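The structure appears below as structure tokens.
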């Protein structure tokens, strides 16, 4: 569907020529997210205010074209691509940190602020914003809110949802609304704030975000722990959490992930190491020392082959860089990646890892898993060549089995990536008919014309 | 409106004679909550399963009678009283702690579990459920979820919303739904869980709750700090939070609250003390020692007259008992209490306290404030004799001014009590027309016949 002349003229009225892009070259740049499938929009606009977004959505309702909100496009489930064409609305020009309130530990930001820039800004003032998705250097806070981004620190600090106090948002019908409060507590009316968090840009375009901040921990320390088996690593995680020490990150890498990581940098691992944990603790200096000692004792008791503390911030950073580079390095195993982010109750990780091992043998496809062991969030990847129809069919069968097993273990199909378009066909495995009917009813209530980010989630 | 014969027969079918109460004596017992206004229901039922609740709600839709869910009736805004008559559905027989999972730090409970019993059960296993409303000894977890209960520990640990992973609930139309996940992360579909938390029993009857738990802190310590003025106390709170030490509770009492508390027990305060802070820190033993020292230093710097640490658990408990008894002791000042739980950004507490002082002089009514200074949640009370129409009018004017001032300071009209019926007429001060329209639309979507807890919130 192409935009009508009337729509193009009206959009030019709002955005001028500078902030409305309609050339093919410009549109192709906004045809992808990290999922790597192509949906070319009819136009791309760059609003600088809620009012412009309001006018755009009112126009979309009137003339019937889709609008797809987008931050930096780092999502992995197609949430920000224009499946049905229409206008991609890019929020990156709305990138002001409006206020950092050092008395009340809150911040007010526009949606286009880069997550990593926000981390730096609040940390410079002695404050801390825990959500830290892998793409933090590029992703926007608006996108983080839309997807309810997580990351490794969730084991101790929770996810984006836990830090959003309120938002300003534009409804698909064009009205500007304000939800939530500026305070830690607030129970006046239904919780529209958390309804919008994680709604994947289908209910409203977020134009202002009120965030809760914490005091910046005085100290952190990182441990790299090697194990001869994934089972032992998983057992160590269970024992750490049960001990009452809550690290801020407990990341694991399986044998295949380690091979990938080794291809980037020498991890200096003992012979026979088949799994590693990266554990980060934080708090006051004395608390960190106590936690480190406790954790080291526990992992040794659980059979660790080697326990090494990063000697300094530089070495800790190197360890984390390696962990974050595993994902792109997976292309060693195949040209196409199917990337899932299932979650199981933490104690079920060994069962899940065993399942993955047996599927690997059964289907003969390269599979890699790593992720946030502390909260049971497994980034499970199948590497294939999509041009090979047999590989594609096998991969689909693997995903199906993995999803069924995840749900049987009491888990969920997505911890932080969302449904978007890639998990849409599976949503009925996790959610019942009535639950889906209610969600569709909410979508209809917010977006009676169905113009905002259509064909996503359900 | 009385229940039709057909409805009574059908309810007898579901509940037998034992669990259906229709005598006036029985109905009067369920005509009140802590707000102290009388609404006698037509019948009271005591379900033992989601299926029975489902049948009851389907029947209510068919025959058109209201159903009002109720736990222990400790709410303060009329949320559990049958304003339009009908059936009060009491969940107290559904009081099983179904599971406490020590590996994954989760629990599954029925809605009728008493909050304090749950605290004891999880603490016996070395785990911790932070939400701790004043009524914890009596209130139910179902009621806590319906109202999004808070309490003093929210400053560090958040509120009920932050601990609810998922629920089983019966929709007003009778369908049983399951929302959320058993894991810390989960982003499949819209967040129906948080939509139900704090919805005051107007969207669904909660029949099962999945809760997140934390490791039980190894140590706690309580400080009682005396100040010559409320301003100094408030300044101390701001400095403590800004220092990076996050106590788990920071409670304050103003001069009038202190008088009340003194009437219960000698608080052993220095001459001229006009405000006290109760500060509780927790963590490992060493962390608690460090925090105590830091906090003591800060409050002295802010002008504290005296800083005393509770010498033992017994003394700490006594301090907290006094704090919790202030609310009932307020009846010293008048036969009727108007109890509000406004929240302002923490740093605005001195401004709010000054406003209260000036209103006291202006209107000549006894007013008392105390509450959760750490999160800006002020329990503000006006004591009157409602039979005196002049006092009643004055009190209404005071409340109006307090609410306007709260919102002007960036606050909210309720931190933990909810809207119910007592704040319904004020909700338009805080929420815009479009936001209310969306909320009413959600109510209609869940409850097309309007039979579940009608006349509440809006």
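Residue numbers (UniProt numbering), protein chains in the order written: chain R, 1 to 458; chain C, 1 to 458.
Glycine residues also receive a C-beta, built at the ideal position from the N, C-alpha and C atoms.
Just so it is clear, the structure is predicted and the values come from calculations on it, not from any experiment.
- Inter-residue distance for residue 273 (chain C) and residue 53 (chain R) is about 55 Å (C-alpha atoms, whole angstroms).
- For residue 379 (chain R), none of the residues of chain C pass the 7 Å Cβ criterion, the least Cβ distance being about 12 Å.
- DSSP places residue 200 (chain C) outside both helix and strand once states are collapsed to three, so it counts as coil.
- In its chain, beyond the 5 residues on either side, 413, 429, 430 have a beta carbon closer than 8 Å to the beta carbon of residue 407 (chain R).
- At a cut-off of 8 Å between beta carbons, residue 178 (chain R) contacts chain C.
- Closest option to residue 58 (chain R), judged by alpha-carbon separation, among R:26, R:178, R:87: R:87.
- Nearest to residue 369 (chain R) by alpha-carbon distance, out of R:26, R:76, R:33, R:341, is R:341.
- Residue pairing by DSSP places residue 36 (chain C) opposite no residue, since no beta bridge is assigned to it.
- For the C-beta of residue 162 (chain C), the chain R residues within less than 7 Å are, from N- to C-terminus, 162.
- At a cut-off of 8 Å between C-beta atoms, residue 230 (chain R) does not count as an interface residue with respect to chain C.
- Residue 21 (chain C) and residue 42 (chain C) have their C-alpha atoms some 9 Å from each other.
- Taking one beta carbon from each stretch, the stretch 381 to 397 of chain C and the stretch 349 to 356 of chain C have fewer than 3 pairs nearer than 8 Å; the two do not touch.
- Residue burial is scored here from C-beta neighbours: residue 36 (chain R) has fewer than 16 other C-beta atoms within 10 angstroms and is therefore classed as exposed.
- Contacts with chain R at 8 Å (Cβ-Cβ) do not include residue 224 (chain C).
- The residue among C:55, C:13, C:17, C:78 with its C-alpha nearest the C-alpha of residue 31 (chain C) is C:78.
- Burial is judged here by how many other beta carbons sit within 10 angstroms of a residue's own beta carbon; residue 153 (chain R) has at least 16 and is buried.
- Listed along chain C are 438, 441, 442, 445, each with a C-beta nearer than 8 Å to that of residue 445 (chain R).
- Within the stretch 149 to 161 of chain R, the residues whose Cβ lies closer than 8 Å to any Cβ of chain C are, in chain order, 150, 154, 155, 158, 159, 161.
- Here the alpha carbon of residue 177 (chain R) sits roughly 12 Å from the alpha carbon of residue 446 (chain R).
- By the Cβ rule, the stretch 89 to 101 of chain C counts as touching the stretch 112 to 121 of chain C, because three or more pairs are nearer than 8 Å.
- Within 7 Å of the CB of residue 199 (chain R), the CB atoms of chain C belong to 190, in sequence order along the chain.
- Contacts between residue 182 (chain C) and chain R, judged by CB atoms closer than 7 Å, involve 345, 410 in chain order.
- The three-state secondary structure of residue 446 (chain C), taken from DSSP, is helix.
- Inter-segment contact for the stretch 165 to 173 of chain C and the stretch 128 to 136 of chain R is absent: fewer than three beta-carbon pairs are separated by less than 8 Å.
- Against chain R, the CB of residue 175 (chain C) has a partner CB under 8 Å away; the residue lies at that interface.
- Beta-bridge partners of residue 297 (chain C) (DSSP): none assigned.
- Residue range 389 to 408 is occupied by the alpha helix (DSSP H) that includes residue 402 (chain C).
- Distance between residue 363 (chain C) and residue 278 (chain C), taken at the CA atoms: about 30 Å.
- Contact with chain C is found for residue 434 (chain R), since one of that chain's Cβ atoms lies less than 8 Å from the residue's Cβ.
- Here the stretch 186 to 201 of chain R makes no contact with the stretch 6 to 18 of chain C; the two share fewer than three CB pairs at distances below 8 Å.
- Look at residue 305 (chain R) here: in three-state DSSP terms it is coil, with no helix or strand label.
- According to DSSP, residue 44 (chain C) shares a beta bridge with C:21, C:88.
- Under the criterion of beta carbons closer than 8 Å, residue 233 (chain R) and residue 252 (chain R) qualify as touching, at roughly 6 Å.
- If you compare the alpha carbons of C:355, C:320, C:365, C:14 with that of residue 338 (chain C), the shortest gap goes to C:365.
- Here residue 443 (chain C) is buried, its C-beta having at least 16 other C-beta atoms within 10 Å.
- The residue from C:60, C:148, C:326, C:247 with its alpha-carbon nearest to that of residue 380 (chain C) is C:326.
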